[in-house]
Structure formats: structure tokens, C-alpha cells
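Structure, as C-alpha cells:
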Amino acid sequence: MDAPVAGLVPDAHAGAHLLATPRSRGAARTPVDALARAWFVGAAWTTPPGGGGAARPMAGARFRGVVPDGVVAPGELRLAEGARVVGPFALTPPQTQALGLAGGGAEAFALHVDHPDARLAPVARTGAWADTSTGTSTGTSTGTSTGSLTDDRDGLVRAFPAGLPQGLELRVLGWAVAAARRVGGAVVADGRTVLTPDPASGVDLTLYSAHVLGPDDALGVLRTTVPGAGVVAVRPGADGLAEYVLSGETPYDGEVRLEARRVARVPLALDGLDWREHGPHAYRLTWVPTEPDELAVERPSGLHVIARSRARVLLARLAAMLQGRLAGTLVDDGGFVVRDLDLDERLSPAAAPSARFWV
């Protein structure tokens, strides 16, 4: 049963989808407007939040809905035509706990879609978020893909048993889930059902570089951590440069794949960077667990989570080696830029792989 989450935002936003983010660590490094620009072209504050930050909650019935003097009202962030984010609204410690967030302060944002499409029945849980614009998985949207849900690793099918959102509403929800995973936050679907994606569930990484690494050299990098790795396929690209797929089995945790190809478009998150910081050569590191179906479930087994935690470190090491050799910029499987501090956190995880698993 979902935790009680009434009253997180003012009544004017009751029933809206909500994105809740902690006010520390990842959220401090990646503000909500930067997260939005990774998925939506031209996302920007139309009314920025004031210098006073999020409105502080006031306790007691007689203060309900009252904003303290000197606190500027929350702002409005435009995602796309007909979609916007309103906030932040400060959360109390009990509200933060009800959402399953780590200790400390947190804030909520209301997500509004003006004219949502009719909701359809849930579809089969057979894959990942489709990104028709780049050919990659969840979150690397260029602002043109509407997205379709074919798995339930984040609980959206559970949250919408009568029918899934479609079109722009689904895209906004997909972004909110990816953003929550990135910063350790939560999503409240329709203002009532809490979704708390595990930040450790994001394993795959892609390096976008201006430099070319041939298959033999790339295989040498992969074999530093997966000694038995080999070449799966090599094919000439349109510009004469080789595209290739390398793969290797780990002793216990499944398969690691490295795919290199030249892409026509890079993820939207890279648009704000200097062109010298990335390039069209994409080196994608992917983990394939021994039971791939567990990638598509909200509550994977404990064995899967343990294997995933080791694979996450392994892929981070490979990504660091590739970046050290080729420069460029890393992007995670949510479509967000991975900075040095983010990569360091992957390389040095907490002692426990995750608290969110079931045996």
C-alpha cells in the first residue's frame, strides 16, 4: 500500500503528477531545469523561483496555505508546448519519509500537461523505453520522441492499472522517473501512487567523443576487466570507419558489451556543452544480466541486485578508462551527463548495494 502523500503541494496542484527531489548531493549538482533540458528542447524557467528558494511549510491549521513573509513564490518551468513544472514546494520531514527519500530536506514539483491524450490499457512488459530518435534506451530523447512503455521496472503499470498515459503525458512521466532515479528522488503519479526508482538501477553508460578507437584497441580496454572478452561483429561504417560490438562474460554477473558507432545525433543533454567536449563517436557500455527479464521488473531479486551493483562498478571503471583515452563526455541511461563526481560515486558505492531489493 502506498504511503499517505496528501498535502505535498497546494490544492491548486492536487491530483497532478509530482516529482520530489532531495535538497542535497545529486540534486544540488543537477537542478531541475538542467534535468529538463536533457529531455526537452528549449526547457526554461518562464517564471524563475525567487532568491528565497522553496516556500517553507508552516505548521498548524491556521497557517495552512500561508507563505511566510519574505519567501518568493515557486516558479514555473516550461518543458514543451502544453507541459510545465511548477515548484519547488518544500516538504516536511514526515512527508519526505513518506516518500521513501533519504534523510534531510526535500522539495516537490507539480507536473502539468494541459491536454493529455486518452489513457490506454497497459502493454506487455517486454523491453525498455523506446527512443526512436537516437536508437538508445531510456531517456536519451532529443525532444521529438513520444516514448512508449514496454516494461514496468519503475512501476508505471502498477500506478495506472486502468490505463497508461500516452503522448506528451507519458513523456513527461518518463522524464520525471529518470530524473528521480538520477537524484535519488520519487514520483507521485496522479498525486497518490509513489514510485521510488532505485538510483543504483542505472548501470549502462555511453561515451561521446570526437576521437576514434579501433576494435583491437577497444578490446584491449575491455579485457582489462573482462579477460575473456571477444569480438562479436565488425562492420564498415558509411565514412569508412569501423563499427563494432565486443562482448565478454563475467564469472558470476552476466555479460558486458561494448558497442562503437558513429551517430547522426547526440543526446540533447550535450547541447549545452562546448562542441569540443563531445563528438559523434559513441561508445556504449551495456550490462546483460544472467536473467535479462529482471531488468523489466520493479522488484528484482536480491541476487540480481548484488550482480547489478558489481556490474555498475565494472562499467564505471571501463567508462573511466575509455574517457581517459578518448576524452569526451559520458551520458547515463537516463540521458543525463555524468560528471567526474557522479562517476566517482559509481566507482565507490556504499557498502550495501541497495536497500530496495527482494529475494
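Residues 1 to 359 (full-length UniProt numbering) are what the sequence shown spells out, left to right.
Cβ coordinates follow ideal geometry from the N, Cα and C atoms, glycine included.
Cβ-Cβ distance between residue i and residue j below 8 Å
| i | j | result |
| --- | --- | --- |
| Leu79 | His211 | no |
| Tyr252 | Pro215 | no |
| Arg312 | Pro349 | yes |
| Ala316 | Tyr283 | no |
| Gly228 | Glu249 | yes |
| Ala269 | Gly328 | no |
| Ala159 | Ala189 | yes |
| Leu343 | Thr225 | no |
| Arg235 | Leu246 | no |
| Gly110 | Ala16 | It should be pointed out that residue 110 corresponds to Ala in this sequence rather than to Gly. Cβ atoms of Ala110 and Ala16: closer than 8 Å. |
| Leu322 | Leu207 | yes |
| Val194 | Leu19 | no |
| Gly254 | Thr290 | yes |
| Val41 | Ala83 | no |
| Gly184 | Pro22 | yes |
| Ala118 | Gln166 | yes |
| Trp175 | Trp45 | no |
| Ala108 | Gly87 | yes |
| Asp204 | Asp333 | yes |
| Arg308 | Ala200 | yes |
| Val9 | Phe89 | yes |
DSSP beta-bridge partners of residue i
| i | result |
| --- | --- |
| Glu255 | Glu249, Val288 |
| Trp45 | Leu77 |
| His17 | Leu111 |
| residue 364 | Nothing in the structure corresponds to residue 364, since the chain is present only between 1 and 359. |
| Val187 | Leu19, Leu195 |
| Asp332 | Leu205 |
| His281 | Ser209, Arg262 |
| Leu164 | Leu120 |
| Val338 | Leu330 |
| Ala106 | Pro22, Leu91 |
Assigned exposure category for residue i - 16 Cβ within 10 Å defines buried
| i | result |
| --- | --- |
| Pro48 | exposed |
| Ala265 | In the sequence as presented, Ala is not what sits at residue 265; that position holds Arg. By the 10 Å Cβ count, Arg265 comes out exposed. |
| Arg56 | With a pLDDT of 49 at Arg56, under the threshold of 50, the predicted position of this residue should be treated as unreliable, and no value is reported. |
| Glu81 | exposed |
| His115 | exposed |
| Leu91 | buried |
| Pro197 | buried |
| Arg339 | exposed |
| Pro74 | buried |
| Pro94 | exposed |
| Asp274 | exposed |
| Thr96 | buried |
| Arg276 | exposed |
| Asp293 | exposed |
| Gly155 | buried |
| Ala12 | exposed |
| Arg37 | buried |
| Arg29 | exposed |
| Thr138 | The predicted model places Thr138 with a pLDDT of 39, which falls under 50 and marks its position as unreliable; any figure quoted below should be read in that light. Buried is the call here. |
| Ala98 | buried |
| Leu341 | exposed |
| Gly7 | exposed |
| Leu104 | A small correction: the amino acid at residue 104 is Gly; Leu does not occupy that position in the sequence shown. It is exposed - the Cβ of Gly104 has fewer than 16 other Cβ atoms within 10 Å. |
| Arg346 | buried |
| Gly220 | exposed |
Delimiting residues of the alpha helix (DSSP H) encompassing residue i
| i | result |
| --- | --- |
| Val305 | 302 to 326 |
| Ala90 | Run containing Ala90: none in the alpha helix (DSSP H); it sits in the beta strand (DSSP E), 83 to 91. |
| Ala218 | 215 to 223 |
| Asp33 | 32 to 37 |
| Ala229 | No alpha helix (DSSP H) holds Ala229; DSSP gives it neither H nor E. |
| Arg158 | 156 to 159 |
Cβ of residue i within 8 Å of any chain D Cβ
| i | result |
| --- | --- |
| Leu173 | Of the chains in the structure shown, none is chain D; there is only one protein chain. |
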